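Undergrad:
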Amino acid sequence: MFVDSHCHLNDPQFKEDLPQLLARAKALEIGRILTISTELKEIPDLERLSETYDEIYHTVGVHPHEVDKEGVPDLKDLLTALHHPKAVGIGETGLDYYYEHSHQEHQKLSFRHHIHALKETGLPLVIHSRNAEEDILQLLREEKVRDHMTPGVIHCFSGTRDFADATLDLGFYISFSGILTFKNAEELREIAKTVPLDRLLIETDAPYLAP
Numbered sequence: 073m074f075v076d077s078h079c080h081l082n083d084p085q086f087k088e089d090l091p092q093l094l095a096r097a098k099a100l101e102i103g104r105i106l107t108i109s110t111e112l113k114e115i116p117d118l119e120r121l122s123e124t125y126d127e128i129y130h131t132v133g134v135h136p137h138e139v140d141k142e143g144v145p146d147l148k149d150l151l152t153a154l155h156h157p158k159a160v161g162i163g164e165t166g167l168d169y170y171y172e173h174s175h176q177e178h179q180k181l182s183f184r185h186h187i188h189a190l191k192e193t194g195l196p197l198v199i200h201s202r203n204a205e206e207d208i209l210q211l212l213r214e215e216k217v218r219d220h221m222t223p224g225v226i227h228c229f230s231g232t233r234d235f236a237d238a239t240l241d242l243g244f245y246i247s248f249s250g251i252l253t254f255k256n257a258e259e260l261r262e263i264a265k266t267v268p269l270d271r272l273l274i275e276t277d278a279p280y281l282a283p
């Protein structure tokens with residue numbers, strides 16, 4: 073059985089044919105699908121999906137792109153949503169300095185709140201990293217996430233070998249998307265070869281990336 077560790081099934085383009093999509097996934101032996109929160113206002117839709125389909129689980133969090141629009145999430149709001157029995161992760165959180173849709177300091181504060189939710193619940197983080205490796209590592213080390221048995225996953229990994237090594241050392245899983253198959257992704261494929269199989273995940277990030 074395969075697991076799609078990161079996608080966005082509440083996207084409007086899946087509204088009409090989600091049952092058919094799930095049937096195709098089942099035919100490909102994809103038995104579990106994790107649909108990811110990017111804004112807290114999405115949570116009711118994600119809960120509905122998780123409650124409707126046995127194979128779907130969801131996360132709770134605010135994407136770094138959305139922090140300035142939605143506001144830094146309150147820890148209490150995160151914890152309340154994480155009480156749902158099929159909420160199995162915290163995020164999508166992290167830092168994105170490539171687009172900077174949100175102020176860097178606001179992103180950092182939001183990231184800390186998500187890390188504090190990890191400390192309260194023990195549920196893993198789902199981390200988005202873009203041009204922010206040093207700050208992500210600094211925050212993870214300051215917050216001592218290594219003390220937790222399963223601190224989380226670096227989603228859609230496209231970073232450096234040093235970042236891969238550092239996050240593995242902190243106890244994280246690393247997830248690769250279809251980017252791994254691109255012709256210009258040779259360096260990424262070399263990094264993937266060094267990730268232990270028991271720490272490697274796969275994802276589609278549907279509908280945003282090529283499978």
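When we follow this note's numbering, the leftmost residue of the sequence shown carries the number 73, and every step to the right adds one.
By construction, the Cβ of each residue, glycine as well, lies at the ideal position given by its N, Cα and C atoms.
Here the structure is a predicted model, which means the values were calculated and not measured.
#1: Check residue 243 in the structure and name its three-state DSSP category.
#2: Could you round the C-beta distance between residue 275 and residue 130 to whole angstroms and report it? I think they count as a contact, below 8 angstroms.
#3: Do residue 179 and residue 116 have their C-beta atoms closer together than 7 angstroms?
#4: Helix, strand or coil, according to DSSP, for residue 194 in the structure here?
#5: For residue 171, which residues from the same chain have a beta carbon less than 8 angstroms from its beta carbon, with the 5 sequence-adjacent residues on both sides left out?
#6: In the DSSP assignment, find the beta strand (DSSP E) that holds residue 159 and state where it starts and stops.
#7: Here's the rule: buried if 16 or more other CB atoms are within 10 angstroms of the residue's CB, otherwise exposed. What is residue 143?
#8: Based on Cα-Cα distance, which residue from 161, 169, 166 and 176 lies nearest to residue 194?
#9: Who are the near neighbours of residue 103 in its chain, counting only those whose CB is closer than 8 angstroms to its CB and skipping five residues on each side?
#10: Rounded to whole angstroms, what's the CA-CA distance from residue 234 to residue 205? Just pull it up for me.
#11: On the criterion of 16 or more Cβ atoms from any shown chain inside 10 Å, does residue 82 qualify as buried, or is it exposed?
#12: Verify whether the separation of the beta carbon atoms of residue 145 and residue 188 is less than 7 angstroms.
TA: Looking at the atomic coordinates:
#1: Three-state result, residue 243: coil.
#2: Actually they do not touch by this definition, with Cβ atoms about 14 angstroms apart.
#3: Not a contact, by the Cβ cut-off of 7 angstroms.
#4: DSSP, read as helix, strand or coil, puts residue 194 in coil.
#5: Taking C-beta separations shorter than 8 angstroms and ignoring five residues to either side along the sequence, the partners of residue 171 in its chain run 137 and 202, following chain order.
#6: Element bounds for residue 159: 159-168.
#7: Flag for residue 143 reads exposed.
#8: Of the candidates 161, 169, 166 and 176, the residue whose Cα lies closest to the Cα of residue 194 is 161.
#9: Residues 73, 74, 75 and 127 of the same chain have their beta carbon placed closer than 8 angstroms to that of residue 103, with the five preceding and five following residues left out of the count.
#10: In this structure, the alpha-carbon of residue 234 lies about 9 angstroms from that of residue 205.
#11: Within a 10 Å sphere around the beta-carbon of residue 82 sit 16 or more other beta-carbons, which makes this residue buried.
#12: No, Cβ-Cβ distance for residue 145 and residue 188 is not below 7 angstroms.
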